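Notes for the one structure printed next.
There are 2 protein chains.
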Amino acid sequence: MVTISDIAKSLGVTPSTVSRALAGSPRVKESTRKAISETAVLMGYERNEPASSLRKGHSNVVGIVVPRINRAFFSSAISGAETVLNEHGYSVIICQTHEKMEDEIKALKTLKSNRVAGVLISHASSSLSGDHIMKNIRPETILVQFDRVFSELPGPKIVNDNFHGAYEGTHHLIEQGYKRIGHIAGFMDTEAYLDRLNGYKQALTDMGIDVDENIIFYDSIVEESGYKAGKTAIERGCDALYCAGDFSALGAYLAAKDCGIRIPEDFGVIGTANEFFTTIMSPAISSIAQHPYEIGRRAAQAFLTSLKPESNVGQIVVSMEVMARESSLRKKEKR
Amino acid sequence: MVTISDIAKSLGVTPSTVSRALAGSPRVKESTRKAISETAVLMGYERNEPASSLRKGHSNVVGIVVPRINRAFFSSAISGAETVLNEHGYSVIICQTHEKMEDEIKALKTLKSNRVAGVLISHASSSLSGDHIMKNIRPETILVQFDRVFSELPGPKIVNDNFHGAYEGTHHLIEQGYKRIGHIAGFMDTEAYLDRLNGYKQALTDMGIDVDENIIFYDSIVEESGYKAGKTAIERGCDALYCAGDFSALGAYLAAKDCGIRIPEDFGVIGTANEFFTTIMSPAISSIAQHPYEIGRRAAQAFLTSLKPESNVGQIVVSMEVMARESSLRKKEKR
DNA sequence: AGCGAAGATACAAACGTTTGTATTTAAAAA
DNA sequence: TTTTTAAATACAAACGTTTGTATCTTCGCT
Chain W
1 MVTISDIAKS LGVTPSTVSR ALAGSPRVKE STRKAISETA VLMGYERNEP
51 ASSLRKGHSN VVGIVVPRIN RAFFSSAISG AETVLNEHGY SVIICQTHEK
101 MEDEIKALKT LKSNRVAGVL ISHASSSLSG DHIMKNIRPE TILVQFDRVF
151 SELPGPKIVN DNFHGAYEGT HHLIEQGYKR IGHIAGFMDT EAYLDRLNGY
201 KQALTDMGID VDENIIFYDS IVEESGYKAG KTAIERGCDA LYCAGDFSAL
251 GAYLAAKDCG IRIPEDFGVI GTANEFFTTI MSPAISSIAQ HPYEIGRRAA
301 QAFLTSLKPE SNVGQIVVSM EVMARESSLR KKEKR
Chain D
1 MVTISDIAKS LGVTPSTVSR ALAGSPRVKE STRKAISETA VLMGYERNEP
51 ASSLRKGHSN VVGIVVPRIN RAFFSSAISG AETVLNEHGY SVIICQTHEK
101 MEDEIKALKT LKSNRVAGVL ISHASSSLSG DHIMKNIRPE TILVQFDRVF
151 SELPGPKIVN DNFHGAYEGT HHLIEQGYKR IGHIAGFMDT EAYLDRLNGY
201 KQALTDMGID VDENIIFYDS IVEESGYKAG KTAIERGCDA LYCAGDFSAL
251 GAYLAAKDCG IRIPEDFGVI GTANEFFTTI MSPAISSIAQ HPYEIGRRAA
301 QAFLTSLKPE SNVGQIVVSM EVMARESSLR KKEKR
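Following this line, the structure appears as C-alpha cells:
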C-alpha cells in the first residue's frame, strides 16, 4: 500500500506538504500541488481513511438511520442523500432500526464508535423522545433529522408538509362527493401522524363537516390493521377513508373488496407514501406522494452546510402531492 | 472521550493490558479482566474504531454492494447479513451501484479506503467480468459473492438454485396445461439468467416440447420490456410466459390484460423474486421465490468462517420455491 | 545591497489502539 | 532455600495522517 510518505520521498518533499497538496490547501504552490497529485495517481495512492479519521477526530462517513430500508420512502431518501454526499467525498453507512428504539441505540453507538461526521435519522416509531439520540451522539457530530423528527432536538429538520398533504387529500375526497370520511391515523407519538390528523380535521371543519372520533383509527399503519379498521369503518357507515400509510390503505381497500363494496363508486380510498404497488392495482390506489429523493438530498445538503461554522439550517418543509387515481375518482375529470 | 489509557491509569495497569483484557485475550488474568471491563463500562468507554482499524490494518466493517436497495430481494438479503454480522461485532456499510459498473468501482474504492474486513457483493448487470472487482479489493479483504456471481473469481459464492427454480416453474406451467410457453430471459452476461434459461429449456425438453427461440426474449427485466415482450409473445401464439423477474412478469401480465386476454384461463404468467406486489394483484401473480434473508445470512456466515485461516467455503446453493398463485393456476388443486 | 514580508516547505508531535518483546511475579520443582 | 518454568503484566514501537510552529526562499522595495 502506497502512503503519503512514499509520495513525499519520491518527490523530495515532506509528508505534510503532500497531505496539504492533496487536501487542496492554499499553503502549497500550484506547481507542486500538480506534481504531487500526478504522482499520487501514478503510484496508485489511496488515502488510509482510518488514519485520517483518527487524526482528524472524525471520519468522512455519514450515518443514515432509518426504520427499514425496504420502504419506498426510505430507500429513495437514502438514494438522494447518498448521491449528494458521495459528490462531496463522504460515504454512507446505513442502519436499520426495525422500528425498535433498542436497535436505534445500537446503531447510534456504532456510528459514534466509528466517529462519523454526521447522522441523518428518521427515528423508530417506538422512540418516544429524542433523549437517547442526544445521549448517543457526540457533540461535534452533526445531527439532521428527516421525515420523523423530534422538534425538541436541535439541528436541521427536513419534514413533509404533512398538514397540507393531509388537508389536500381529505379535501379531494370531499370534492369527489364522499360524505362520511374516516381516517386511519397511526400512533400519535409520531409528529408526522399528528400533523396528518390535524390536516384531516381542518379540511373537514373548513368544509362544514363535523369531526367524528368514532371513525378515526389510531393503530399501526400496516396492512392488517388497515383491513380491520376498514371493516369497522364500513360498519360505521363510512364511504371513504384517508389513510396515513399506503399499507393501511391497501388493507382497507381489500376489506372493502371483500365486502363486495365497489371502489370508487361506493367507497373511496386514499393512502400516503405513493408506494409502487398503489399504481398497479386495479383500481389503482390514490395516494398522497412525498418527495423522498428530494428530502434525502435536502438532508444531505443540510449536513453539508452545517459543517460551516456560523450556519443555522433550521426546519425545511417539503410539499406533498395528491396523486388522484381510480380509488378516489368517481367524478369525471373536469379539465 | 475516555480512552484505554484512562482506564489503565485508574487501575494502575498499562494500556496494553487493558486492550488485551477487552479483547478477551488469555494473556490477562481473569480477575483483572473482570475489573477492567467493569471500570470500562463504569467510565463509559467506547472504542475508537478508526484508531483500532489503523493499527490492525482493517476495520470491523463489512461492505455490502448491491445494485439497488429497494428491491425486495436485496433489502431482505441485507437484513439477513446485517443481523448475523452485528451479532459478531461488525457493522455494515451499504453501497448501491444502480446496475452501473462505474458506480460499482467507486463503491469498491471507498470500501478499500475504509479498510473493510470484507465485501459481500452482488454485481451490477453492466459488470461483464469480475476483473474490476479483484482490482479494487485488497488481497487481505474477504470477498463473498451472492446471487449474481462471477464463477471465475475466488472465494465463497452463495447462489440461488436458478436452474431448478426455473425448471420447476416451467414444469408447473406445463402441468397446468399451457402448451406454448415463452420466456423473458434477461441478458445472458449474468450467470443467474443463463441458469434460468437452461432450467426452462430443460423442463421443456424433458416434457417433449421443442424449444423455440422466437419466444425467448433477451431484454432487461423491467416492466416496460416485459410489456413489449408480452405483446410480442401473444402475437406469436404463446399461452404462457415464464419471466426471469417479477417486474417483467408484471409488464407481460398487464399486456395480456390490455389485450383482453383472460389470466389464467387463456394466458399463464409466472415471475421470479416474489416481490410484494405479486401477492396483492387480482389475479395474484405466481412467482418463483428465492430465500433472500437466508442468502444474506449465509453470505455473512461465509465471511465469518473465511476469517479463520484454513477455511474454504466454496459455493453454496440455496433452493427456490414455486409460489403458485392465480396467474398460473387454471386447474383445480388436486390435493 | 539590504531589509522586510510574504510565500513555500520542513519539522515534529499527536490521534488511540494493538502487538511483539522484555520484565516482573508467582508457582513448581529440585 | 535455590533454581526452573510458567503466568501475568509492563514497555515501546508502530499504523498513516493532519496540523501548529518553525525554517528557509524569493521577491519587491527603499
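Note that the protein sequences, when read in sequence, are chains W and D.
For the first sequence, our numbering assigns the number 1 to the initial residue and increments by one for each residue that follows.
For the second sequence, our numbering assigns the number 1 to the initial residue and increments by one for each residue that follows.
Backbone N, C-alpha and C define an ideal beta-carbon position, used for all residues, glycine too.
What you are looking at is a predicted structure, and each value in this text was computed from that prediction instead of being measured.
Following the DSSP letters along the chain, one finds Ile-316/W in no alpha helix (DSSP H) but inside the beta strand (DSSP E) bounded by residues 315–318. Within its own chain, the residues whose Cβ lies closer than 8 Å to the Cβ of Tyr-293/W, once the five positions on either side in sequence are excluded, are Ser-76, Ala-77, Ser-79 and Gly-80, listed in chain order. The beta strand (DSSP E) runs of length 3 or more contained entirely in the region 17–80 of chain W are, from start to end of the chain, 61–66.
About 4 Å separates the Cβ atoms of Pro-50/W and Ser-53/D, confirming a contact at the 8 Å cut-off. Per DSSP, the beta bridge partners of Glu-321/D are Ala-289/D. The three-state secondary structure of Thr-278/D, taken from DSSP, is helix.
Around the CB of Thr-14/D, fewer than 16 other CB atoms lie within 10 Å, so the residue is classed as exposed. Listed in chain order, the non-local C-beta contacts of Glu-326/W below 7 Å within the same chain comprise Pro-264, Pro-283 and Ala-284, local neighbours out to five positions each way being set aside. Excluding sequence positions up to five before and after His-132/D, its CB lies within less than 6 Å of the CB of Ile-105, all in the same chain and listed in chain order. In this structure, Phe-74/W is the residue among Phe-74/W, Gln-176/W, His-171/W and Ser-286/W with its C-alpha nearest to the C-alpha of Ile-295/W. Around the beta carbon of Cys-238/D, a 10 Å sphere encloses 16 or more other beta carbons of the protein chains shown; the residue is thus reported as buried.
Among the CB atoms of chain D, none fall inside 8 Å of the CB of Met-43/W. By the Cβ-count criterion, Cys-95/D is buried, with 16 or more other Cβ atoms from all chains shown falling within 10 Å of its own Cβ. Using a 10 angstroms sphere on the CB of Lys-308/W, the tally of other CB atoms stays under 16, which defines it as exposed.
Counting other Cβ atoms within 10 Å of its Cβ, Glu-223/W reaches 16 or more and is therefore classed as buried. Contact of Lys-112/D with chain W by beta-carbon distance below 7 Å involves Glu-46.
Residue pairing for Ala-240/W: DSSP places it in a beta bridge opposite Ile-181/W and Gly-268/W. If only uninterrupted beta strand (DSSP E) runs of at least 3 residues are considered, those enclosed by the region 179–220 of chain D are 181–184. With respect to the 8 Å criterion, Ala-302/D and Pro-67/D are not classified as neighbours on the basis of their beta carbons. Looking from the CA of Glu-152/W, the closest CA among Asn-136/W, Glu-168/W, Asn-162/W and Ser-129/W belongs to Ser-129/W. Bounds of any alpha helix (DSSP H) do not take in Asn-160/W; it lies within the beta strand (DSSP E) bounded by 157–160. Taken in chain order, the complete beta strand (DSSP E) segments of 3 residues or longer contained in the region 68–148 of chain D are 91–96, 118–121 and 142–146. Beyond the five residues adjoining it in sequence on each side, Val-2/W comes within less than 7 Å, by CB distance, of Met-43, Gly-44 and Tyr-45 in the same chain, given in chain order. In this structure, Asp-258/W and Thr-278/W do not form a Cβ contact; the two beta carbons are roughly 18 Å apart against a cut-off of 8 Å.
Here DSSP, grouped into helix, strand and coil, assigns Ala-273/W to coil. For the pair of segments examined, the region 168–188 of chain D was found to touch the region 198–216 of chain D: the number of CB pairs separated by less than 8 Å reaches three. In this structure, Ser-113/W sits away from Asp-147/W, with a CB-CB distance that is not shorter than 8 Å.
The beta carbon of Ala-192/W sits closer than 6 Å to the beta carbons of Arg-148 and Asn-162 from its chain, once the five residues preceding and following it are set aside; these are given in chain order.
Distance from the CA of Gln-290/W to the CA of Asp-195/D, rounded to the nearest whole angstrom, comes to 39 Å. Take Ile-142/D, set aside five residues on each side of it, and the residues of its chain with a beta-carbon closer than 8 Å to its own are Ala-117, Gly-118, Val-119, Gly-155, Phe-303, Ser-306 and Leu-307, in chain order. Among the CB atoms of chain W, none fall inside 8 Å of the CB of Asn-214/D.
Distance from the Cα of Ser-37/W is smallest, within the candidate group Asn-60/W, Val-159/W, Arg-55/W and Ser-10/W, for Ser-10/W. When Cβ-Cβ separations below 8 Å define contact, Asn-70/W makes contact with chain D.
Straight-line spacing of the CA atoms in Phe-267/D and Met-188/D works out to 26 Å. By the criterion of at least three beta-carbon pairs nearer than 8 Å, the region 172–182 of chain W is not in contact with the region 84–104 of chain W. With respect to chain D, the C-beta atom of Ser-91/W has a partner C-beta closer than 8 Å.
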